[in-house]
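Trainee: Residue numbers (the working numbering): 12 to 286.
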Amino acid sequence: MPTKTSAGRGVNAAPSAGATLRPTPLSRPEPADPVAEALALDRRLAAIDSLEDRLIEITHSVPGRVTFSTSLGIEDQAVLNAIAASGAKIDVFTLDTGRHFPETLDTLEASENRYGLNIRVMFPDAREVEELVARDGIYGFRLAVENRKACCDIRKVRPLKRALQGAAGWVTGLRRDQSAGRAHVPFASWDAADGLVKLNPIADWSLEQLEAYVAANNVPVNPLHARGFPSIGCQPCTRAIKPGEDIRAGRWWWENEDGKECGLHNRPRQKEAAA
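#1: Which residues mark the beginning and the end of the beta strand (DSSP E) in which Leu210 is found?
#2: Have a look at Ala57 and Gly184 and give me their C-alpha separation to the nearest angstrom.
#3: Gln189: buried (16+ other C-beta within 10 angstroms of its C-beta) or exposed?
#4: Quick check: the Cα distance between Trp264 and Arg250, rounded to an integer number of angstroms?
#5: Quick one: Cα of Glu266 to Cα of Leu119, how far?
#6: With DSSP as the reference, label Ala204 as helix, strand or coil.
#7: By Cβ distance below 6 Å, which residues in the same chain neighbour Phe152 in space, the five residues on each side in sequence not counted?
#8: Tell me which same chain residues have a C-beta within less than 7 Å of the C-beta of Asp87, skipping the five on either side of it?
#9: What separation, rounded to the nearest whole angstrom, lies between the Cα atoms of Arg54 and Val156?
#10: Going by DSSP, name the residue or residues bridged to Ile101.
#11: What three-state label does DSSP hand Glu266 in the structure shown?
#12: Measuring only the C-alpha atoms, how far is Gly84 from Phe240?
#13: Is the beta carbon of Arg65 sitting closer than 7 Å to the one on Pro170?
#14: Of all the options Phe79, Val140, Lys253, Arg259, which has the alpha carbon lying nearest to the alpha carbon of Arg187?
#15: Which residue from Gln246, Glu256, Gly261 puts its Cα closest to that of Thr108?
#16: What residue range does the alpha helix (DSSP H) around Arg250 cover?
#17: Put Arg131 into one of helix, strand or coil per three-state DSSP.
#18: Would you decide whether Arg166 is buried or exposed? Buried here means 16 or more other CB atoms lie within 10 Å of its CB.
#19: Less than 6 Å between the CB of Ile243 and some heavy atom of the ligand HEM, yes or no?
#20: Taking 7 Å as the limit between beta carbons, can you name the residues of its chain near Leu207, skipping five residues before and five after?
#21: Locate the alpha helix (DSSP H) running through Val140, then write down its first and last residues.
#22: Is the beta carbon of Thr70 less than 7 Å from the beta carbon of Lys100?
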């Protein structure tokens, strides 16, 4: 069960005046059998109860730079708190699509101030965005699923791939009960598409566990969560959900398809380790 922790300074701690924070590229040997090693790590993480201890195990087990992508939603805020509290050597970045809710940007600022971190912000390529809007229109993503996926690809997936370059491990806040498509998310798996270990340290947490951890640690939370937004993405693509709806029903609500994803976590994989 999640327990209260004291937050401290973690990786991405504020640099001295005039310094610029950049992830340090590290050369790393490829594991002999990355799939088997990820599966072994998955089993070790499953046997650890504390989120903070899971993060420490990750940094001890993954040879090279480990990075955490935060969407600034409640799951990722819990992981961010644990990174700061544990002092785990994990750098942090977020994707700014250019279409965030103001509340999301406020949460970014509050998090940096609370934890003394500089969260690296990744932006889409300006020319690619200009070409996309010129072709499809400012709200063209609502005209066809293909348009929406193209928008997500340019604004999210491509910046993510840049952020993951040179990393050996990628930490996320995915949970199994977020949606049917995430029901079997492992703690660790080999991501052949990016050549790294994908790590989901709160995969087994329930919403009740998550909310208890956040409350116990006074974690900064996006105020939209209290207004009926359990899943928060770009402002034009996210609405509050209605009672009884799936927690991701407010994402791209005009689309009539199951397992709606932006492409960050459902790109083609090869031989992912399962729990």
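No residue lacks a Cβ here, since even glycine has one placed at the ideal position from N, Cα and C.
Mentor: Taking the coordinates as given:
#1: Here residue 210 refers to the residue found at position 199 of the sequence shown. Leu210 -> beta strand (DSSP E) spans 207-210.
#2: Taking the first residue of the sequence shown as position 1, residue 57 is located at position 46. Taking the first residue of the sequence shown as position 1, residue 184 is located at position 173. Answer to the nearest angstrom: the Cα atoms are 15 Å apart.
#3: Along the sequence shown, read from residue 1 onward, the residue named residue 189 stands at position 178. It is buried - the Cβ of Gln189 has at least 16 other Cβ atoms within 10 Å.
#4: As a working note, residue 264 is residue 253 in the sequence shown. As a working note, residue 250 is residue 239 in the sequence shown. Distance between the alpha carbons of Trp264 and Arg250 is about 8 Å.
#5: Within the sequence shown, numbered from 1, the residue matching residue 266 stands at position 255. Within the sequence shown, numbered from 1, the residue matching residue 119 stands at position 108. Near 29 Å, if we compare the C-alpha coordinates of Leu119 and Glu266.
#6: As a position in the sequence shown, residue 204 is number 193, starting the count at 1. Residue state, collapsed to three classes: coil.
#7: In the sequence shown, counting from the first residue as 1, residue 152 sits at position 141. Closer than 6 Å at Cβ, skipping near neighbours: Asn158, Arg159, Cys162.
#8: Here residue 87 refers to the residue found at position 76 when the sequence shown is read from its first residue. Result list for Asp87: Thr81, Gly184, in chain order.
#9: For the purposes of this step, residue 54 is taken as residue 43 along the sequence shown, with counting starting at 1. For the purposes of this step, residue 156 is taken as residue 145 along the sequence shown, with counting starting at 1. The straight-line gap from Cα to Cα measures roughly 37 Å.
#10: Here residue 101 refers to the residue found at position 90 of the sequence shown. Ile101 is bridged to Val77.
#11: In the sequence shown, counting from the first residue as 1, residue 266 sits at position 255. Residue state, collapsed to three classes: coil.
#12: For the purposes of this step, residue 84 is taken as residue 73 along the sequence shown, with counting starting at 1. For the purposes of this step, residue 240 is taken as residue 229 along the sequence shown, with counting starting at 1. Separation of Gly84 and Phe240 (C-alpha to C-alpha, rounded to the nearest whole angstrom) is 10 Å.
#13: As a working note, residue 65 is residue 54 in the sequence shown. As a working note, residue 170 is residue 159 in the sequence shown. The criterion of a C-beta distance shorter than 7 Å is not satisfied by Arg65 and Pro170.
#14: Taking the sequence shown and counting its residues from 1, one reaches residue 187 at position 176. Checking every option, the nearest Cα to that of Arg187 belongs to Arg259.
#15: Counting from one through the sequence shown, the residue named residue 108 turns up at place 97. Of the listed residues, the one whose Cα sits closest to Thr108 is Gln246.
#16: Walking along the sequence shown from the start, residue 250 turns up at place 239. First-last for Arg250: undefined, no H or E at that position.
#17: As a position in the sequence shown, residue 131 is number 120, starting the count at 1. The answer is strand: DSSP assigns Arg131 an E or B state.
#18: Here residue 166 corresponds to residue number 155 of the sequence shown, with the count starting at 1. Burial call: buried.
#19: No copy of the ligand HEM occurs in the structure displayed, which carries no ligand at all.
#20: As a position in the sequence shown, residue 207 is number 196, starting the count at 1. Counting only Cβ-Cβ distances below 7 Å, and skipping sequence neighbours, we find Leu175, Ala178, Ala179, Gly180, Trp181.
#21: Position 129 of the sequence shown holds residue 140. That run of the alpha helix (DSSP H) goes 137-147.
#22: One-based indexing of the sequence shown puts residue 70 at position 59. One-based indexing of the sequence shown puts residue 100 at position 89. It is a contact, given that the beta carbons lie within the stated cut-off.
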